[in-house]
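J.: Sequential numbering of the sequence shown, starting at 11, is according to this note's numbering. A virtual CB, placed ideally from N, CA and C, is assigned to each residue, including glycine. If you scroll down you'll find the structure; I have some questions about it.
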Amino acid sequence: MKQIQLYTIALAALTFASCNKGQKDGSEAPVNSVAVVTSTVENRKSDREISISGNIEGEKTVRLGFMVSGKISYIAANEGQKINKGQLISSLEPTNYAIGKEIADVQVAQVADEYERLKIMHDRKSISESDFSKISHGLEQAKAQQKLQAKNLFDTKLYSPISGVLLKKNAEVGEITGSGTPLFVVSDIRTVKANAYIPESELQNIKIGQDATVLVSSLNETFKGKITEVGSAADPSSRAFTVKITINNPKLIIRPGMIAEARINSGEKSEFLAVPTEAVLRNLNNENIVYVIDKAKNKAFERKVSLGQLTDNYIEILSGLSPGDVIVTSGQNKLTDGADITVK
């Protein structure tokens, strides 16, 4: 029995030594190696895009206020609500203007009676021309005053000249407002414009009618548009030219003031170093990294990279890699710096 135990112990020791020898000789891959898929870094050719940023503005925007002063008695809508052309937006307390109109009506009637009486006398040549001229002018003045009071009464109501969305409401019911004070902003946003600036050096690549892709970051959505305006004069300080891109907005979800990023195809080809987007990770320091393969050691090492623009699921590498480097494109989420790997 004792001999059997000694034989078993010797066999176990021999097996352990044999395993250690196999690992040292490199005849087998490490047990904890990670299976990965790799790709060689290379330059890619693509249409060069011009990237510009700007603000969204409505196709047509109007600022509205009353032509007369008074106390606001009614407001039809809140900010963000739709407004139709000709819709009543707000009104003032009309009592004072209605009384003024009544007084003007009475004055016209009184002067008209006097005019008719004197006209009969004038036809009989019973009064002089100068006396009749005075009553004639008096009647015209009374009628003009009547028209003015009628207009003032009409101007206590404020109507929208366009269909759109109420962007700003700078008043509340009960407030006193003066004549000409802008209180409401209405914008037609069935189509909107991305208003941006383009450098002088890129102006030759921009033409009216050219297609553009516009990203509205607050909506996380991309829209198609066309260049409809190109500035004819540069901004004196920036030497940049205004470019306006028109975008259809049937759902009215794009609102004036939103930030827009536009990409315009320049018509030129460019070459840049790029890797598949899935190869790029972020480490614990929030740095962009890829894993580069050391073929001699069968290991993967972290490499910090600087990123450029995204094109067709490839991302531009500004620094950190060179053409010919082999990087991990699948399995990288399981790696750590210096990890053993097995290439599939």
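What residue from His132, Ser136, Ser146 and Ser101 has the CA that sits closest to Gln120's CA?
T.: Working through the sequence shown from its first residue, we reach residue 120 at position 110. Per the Cα distances, Ser146.
J.: Of all the options Ile60, Ser56 and Val47, which has the alpha carbon lying nearest to the alpha carbon of Asn215?
T.: Residue 215 sits at position 205 when you count from the first residue of the sequence shown. Nearest of Ile60, Ser56 and Val47 to Asn215, Cα basis: Ile60.
J.: Put Gln220 into one of helix, strand or coil per three-state DSSP.
T.: Here residue 220 refers to the residue found at position 210 of the sequence shown. In the structure shown, Gln220 sits in coil (DSSP, three-state: anything other than H, G, I, E or B).
J.: Using only alpha-carbon positions, find the residue among Thr48, Arg58 and Asn53 that is nearest to Ser280.
T.: Looking up residue 280 in the sequence shown gives position 270. It is Arg58.
J.: In the DSSP output, which residue or residues are listed as bridge partners for Gly80?
T.: Taking the first residue of the sequence shown as position 1, residue 80 is located at position 70. Partner(s): Thr187.
J.: Mind reading off the beta-carbon distance from Ile62 to Tyr169? Whole number of angstroms is fine, and I expect it under 8 Å.
T.: Position 52 of the sequence shown, counting from 1, holds the residue named residue 62. Position 159 of the sequence shown, counting from 1, holds the residue named residue 169. At roughly 38 Å, the Cβ-Cβ gap does not stay under 8 Å, so Ile62 and Tyr169 are not in contact.
J.: Determine, using beta carbons only, whether Lys305 comes closer than 8 Å to chain C.
T.: Among the protein chains of the structure shown there is no chain C, as only one such chain exists.
J.: Only counting the same chain, and skipping five residues up and downstream in sequence, which positions put a Cβ closer than 7 Å to that of Asn53?
T.: Position 43 of the sequence shown, counted from the first residue, corresponds to residue 53. Closer than 7 Å at the Cβ level, and outside the excluded window around Asn53, lie Glu281, Phe282, Leu283 and Pro333.
J.: Grab me the residues of Leu193's own chain with a C-beta within less than 6 Å of its C-beta, minus the 5 sequence neighbours each way, in chain order.
T.: Here the question's residue 193 lines up with position 183 in the sequence shown. Here the set comprises Gly75, Asn180 and Ala181.
J.: So the candidates are Lys178, Tyr324, Glu212 and Gly148; which of them puts its Cα closest to the Cα of Gly267?
T.: Indexing the sequence shown from 1 puts residue 267 at position 257. Of the candidates Lys178, Tyr324, Glu212 and Gly148, the one whose C-alpha sits nearest the C-alpha of Gly267 is Lys178.
J.: Leaving aside the five residues before and after His132 along the sequence, list all residues of the same chain whose C-beta is less than 7 Å from its C-beta, in chain order.
T.: Walking along the sequence shown from the start, residue 132 turns up at place 122. Hits under 7 Å: Phe142.
J.: Which residues in the same chain have their Cβ closer than 8 Å to the Cβ of Leu128, if we skip the five residues on either side of it in sequence?
T.: Within the sequence shown, residue 128 is the residue found at index 118, counting from 1. Ile137, Asp141, Phe142 and Ile145, listed in sequence order.
J.: Could you compute how far the alpha carbon of Ser336 sits from the alpha carbon of Ile93?
T.: In the sequence shown, the residue the question calls residue 336 occupies position 326. In the sequence shown, the residue the question calls residue 93 occupies position 83. Note on residue identity: the sequence assigns Val, not Ser, to residue 336. Take the alpha-carbon of Val336 and the one of Ile93: they are about 60 Å apart.
J.: Beta-carbon separation of Ile400 and Ala204 under 8 Å?
T.: The question about residue 400 has no answer, for the chain in this structure spans 11 to 354.
J.: Pairing CB atoms from the region 238-251 with CB atoms from the region 285-295, are three or more of them under 8 Å?
T.: No contact exists between the region 238-251 and the region 285-295.
J.: Return helix, strand or coil for Thr105, following the three-state DSSP convention.
T.: Taking the first residue of the sequence shown as 1, we reach residue 105 at position 95. Looking at Thr105 - three-state DSSP - the assignment turns out to be helix.
J.: Residues in the same chain with beta-carbon distance under 7 Å from Ser37, minus the five sequence neighbours each way, listed in chain order, please.
T.: What you label residue 37 is simply residue 27 of the sequence shown in a count that begins at 1. Low per-residue confidence applies at Ser37: pLDDT is 42, beneath 50, and the placement is therefore not dependable enough to give any value.
J.: When we look at the beta-carbon of Arg134 and count the other beta-carbons within 10 Å, is it buried (16 or more) or exposed?
T.: Residue 134 sits at position 124 when you count from the first residue of the sequence shown. So Arg134 counts as exposed.
J.: What is the C-beta distance between Ile172 and Ile264, in whole angstroms, given that I count them as a contact (C-beta under 8 Å)?
T.: Within the sequence shown, residue 172 is the residue found at index 162, counting from 1. Within the sequence shown, residue 264 is the residue found at index 254, counting from 1. Their Cβ separation, rounded to whole angstroms, is 17 Å, which puts Ile172 and Ile264 out of contact at 8 Å.
J.: Within this structure, are the beta carbons of Ser329 and Thr187 separated by less than 8 Å?
T.: Stepping through the sequence shown from its first residue, residue 329 is reached at position 319. Stepping through the sequence shown from its first residue, residue 187 is reached at position 177. No, the Cβ-Cβ distance between Ser329 and Thr187 is not below 8 Å.
J.: Kindly list the residues whose CB is nearer than 6 Å to the CB of Pro209, restricted to its own chain and excluding five residues on each side of it in sequence; keep chain order.
T.: For the purposes of this step, residue 209 is taken as the residue at position 199 of the sequence shown. Same-chain partners within the cutoff: Ala250.
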